[in-house]
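Below: one structure, written as structure tokens.
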Amino acid sequence: MEAGDILLSKGLLDERQLRVLRENSQAGTRPDQVAVQLGFVTEEQALEALADALGMTFVDLTTAEPDLALLADFPAKLMHRHGLFPLRRDGESLVVLTSDPFDLYAIDAVAAATGQSIRPALAVGEEIGKLIKTHLGMGSETIDHLLAQRQAEGQVEVLDELELDGSEDSQAAQEASVVRLVNEILVEAIQARASDIHIEAHATGMKIRYRIDGVLQPQPTPPEINHFQAAIVSRLKIMAHLNIAEKRLPQDGRIKLKVAGREVDVRVSIIPMLHGEGIVMRVLDKDRMQFNLRGIGMDEDIYEQFHRLIRLPHGIVLVTGPTGSGKTTTLYSALAEIKDEETKIITTEDPVEYQLAGINQIQVHHKIGLTFAASLRAILRHDPDVVLVGEIRDLETAENAVQASLTGHLVFSTLHTNDAAGAYMRLVDMGVEPFLVASTVEGVMAQRLVRTLCANCKEEYRPDSDDVPADFPLDDCLAQDEPIYRPVGCKECRQTGYRGRVGLYELLTSNDEIRELANQRISSHKLKEVGIRHGMVTLRHNGWRKVLEGRTSIEEVTSVAKAD
């Protein structure tokens, strides 16, 4: 009985679907795989049916624990070539996972290589692949020169023409195995939704880590990858149009890629370290980014206030927070909301992270004197309505921003302060006159990013007073019908318990009392108290809202926002 008939007999297909299946099957393709591709069944359903019909065992790898001691004597080449993984010993037999019950050649090859009796068990191919990558390390397949038999899903295409100088380093970097290894690192990072890739040189060898949802996660790599360290660095330098012979000075570059049809920008920073060059790559996935104020987690009441601010005819609107808190995303989302054919918007940024349609963007270039302040002065001669200054770092930029707002422009910018109230005194500390700060700053948004709980595995619970901080609204939590949740961890979230991030927001809008206090150089603590009295929701309180909504955990909020 062939695979299609098995699926029919198990009730997973009807006669019409079987006909469609046979019409779409080609010589050499398995009907059950075609059924999965057509969406008639899942791979798990198909393999369970085949296992039952063929007298085999189906293994759910989300719960099964392979005996890793078996890896020492198991041929790695066969694991990669045929998608096999040893599961356990069963008497005199070795149980080996496969996703292809009809590949008898692979089973015979394992039996011949190990000298043991092999009993195949079925498991989902993607899950077997994850096991291989986890326990043999990322890149091991490339190092063994076995990737040639499998086209990696999501082929990497470098959009810029590469310049090669014929040197030994250049030739080593163009080795097919090195090219595939670098491509694998990039594709894996993009598929894992990493924002940054860290390739670090240590005394013990090379270490690769991805920053996913703001947290660095180490990636398993085989020890043999250390032999390729210099070639990997050279390959990335070539892709980023950097000098591969320069190993003493920091270098910055950019790689334009197309991965699985999606355009991705990668910002590359290389710094010489004690044991070699360290690389950090910022991954900017254009297709994944959606600049929408409602889509970044802003509560409706805060959105309405911020929406009014960004439509003012003039003044300064500031967004504050530490590096990586989503300030640029908030400002881009604001610009996307207000742009139209009647409004001219010009930005000056360092760097320009995303190219926005309909908005004029300037890249700061300090080496030639094109600073924030210099570009802002030039921008004002281009008759803009709205100006975005990437960051106010010094007095000259601050004064130019104030001047722009006084001459009828709406100015957006960012500052590094811990909360919204601190922005007023930060500008005064820079040297801006307090009365100018008071009269031009219309509002300040402070923000942080917290990880959102994985919808697949989050666990509901009812906390008691010993489990929560003193300022947590426990009474509101116990009174509401909906439970709150805590992280667990599953394969969907890479065992972290979290998937994705959402913003916490604290919006302080300037009113007469705030302006008067700012003019008197009153402390930011007092400004915050006044803001709260006038209805400002603090970062911490906004975090508790999202905990009560089931979107994040108490631990995430306490890690980024201190008690008021």
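121 is the number that the working numbering gives to position 118 of the sequence shown; each next residue is one higher, with no gaps.
In this text, a Cβ means the ideal position worked out from N, Cα and C, and glycines have one as well.
So, under 8 Å CB-CB, residue i and residue j are touching, yes? Tell me the CB distance rounded to an integer number of Å.
| i | j | result |
| --- | --- | --- |
| ILE211 | GLN222 | 5 Å |
| VAL444 | LEU321 | 7 Å |
| LEU125 | LEU50 | 5 Å |
| SER556 | TYR488 | 7 Å |
| LEU100 | PHE88 | 5 Å |
| ILE319 | VAL414 | 5 Å |
| ARG214 | ALA197 | 6 Å |
| GLN232 | LEU245 | Their Cβ separation, rounded to whole angstroms, is 16 Å, which puts GLN232 and LEU245 out of contact at 8 Å. |
| SER527 | MET428 | 5 Å |
| GLY393 | ASP353 | 5 Å |
| ALA192 | VAL286 | 6 Å |
| LEU542 | ALA564 | 4 Å |
Taking the DSSP output, what are the residues bridged to residue i?
| i | result |
| --- | --- |
| TYR464 | ILE487 |
| VAL269 | ILE258, VAL286 |
| LEU456 | TYR501 |
| ALA204 | MET209 |
| ILE349 | ASN363, VAL390 |
| PHE61 | LEU125 |
| PRO472 | According to DSSP, which records beta bridges pairwise, PRO472 is partnered with nothing at all. |
| ASP199 | ARG214, ARG285 |
| THR117 | Per DSSP, none; premise fails for THR117. |
| MET276 | GLY279 |
| THR32 | Bridge partners of THR32: none, in fact. |
| GLN450 | TYR508 |
| SER416 | LEU321, VAL392 |
| ASP397 | BP columns for ASP397 are empty, so no partner. |
| ALA91 | The sequence given here has Arg at residue 91, not Ala. BP columns for ARG91 point to VAL98. |
Whole angstroms are fine: how far does the CA of residue j sit from the CA of residue i?
| i | j | result |
| --- | --- | --- |
| ARG92 | LEU71 | 11 Å |
| GLY329 | ARG270 | 17 Å |
| MET276 | ASP106 | 48 Å |
| ASP290 | ILE365 | 22 Å |
| PRO472 | ASN421 | 20 Å |
| GLY553 | ARG454 | 12 Å |
| LYS261 | MET292 | 15 Å |
| MET433 | ARG396 | 9 Å |
| HIS205 | ILE273 | 15 Å |
| ASP76 | THR499 | 31 Å |
| GLY86 | LYS136 | 11 Å |
| GLU1 | ILE121 | With the chain covering only 4 through 567, there is no way to say anything about residue 1. |
| ALA426 | GLU516 | 16 Å |
| LEU338 | ILE348 | 8 Å |
| GLN20 | PRO104 | 22 Å |
| PRO226 | LEU551 | 45 Å |
| ALA38 | VAL44 | 6 Å |
| GLY372 | THR417 | 21 Å |
| SER28 | GLN40 | 11 Å |
| THR410 | PRO486 | 52 Å |
| TRP547 | ILE535 | 16 Å |
| LEU456 | HIS138 | 27 Å |
By a C-beta neighbour count over all protein chains shown, 10 Å radius and 16 as the cutoff for buried, is residue i buried or exposed?
| i | result |
| --- | --- |
| TYR508 | buried |
| TYR464 | exposed |
| VAL218 | exposed |
| ARG153 | Low per-residue confidence applies at ARG153: pLDDT is 39, beneath 50, and the placement is therefore not dependable, though the value from the model is reported in the following sentence. Looking at its Cβ environment, which holds fewer than 16 other Cβ atoms inside 10 Å, ARG153 is exposed. |
| LYS549 | buried |
| ILE241 | buried |
| GLN450 | buried |
| LEU24 | buried |
| PRO187 | Note that residue 187 corresponds to Glu in the displayed sequence, not to Pro. Classification for GLU187: buried. |
| ARG504 | buried |
| HIS281 | It is worth fixing the name first, because residue 281 is Gly in this sequence and not His. Burial call: buried. |
Check: Between the region 299-319 and the region 236-253, are three or more C-beta pairs nearer than 8 Å?
Finding: In this structure the region 299-319 does not touch the region 236-253; the number of beta carbon pairs closer than 8 Å is below three.
Checklist line | contact_flag[the region 377-387, the region 398-411] where n(CB pairs < 8 Å) is 3 or more | finding: Verdict: yes, contact present.
Check: Touch check for the region 330-338 and the region 291-300: three-plus C-beta pairs under 8 Å?
Finding: The region 330-338 vs the region 291-300: in contact.
Check: Okay, do the region 59-66 and the region 76-85 touch, 3+ Cβ pairs below 8 Å being the bar?
Finding: Because the criterion of three Cβ pairs below 8 Å is not met, the region 59-66 and the region 76-85 do not touch.
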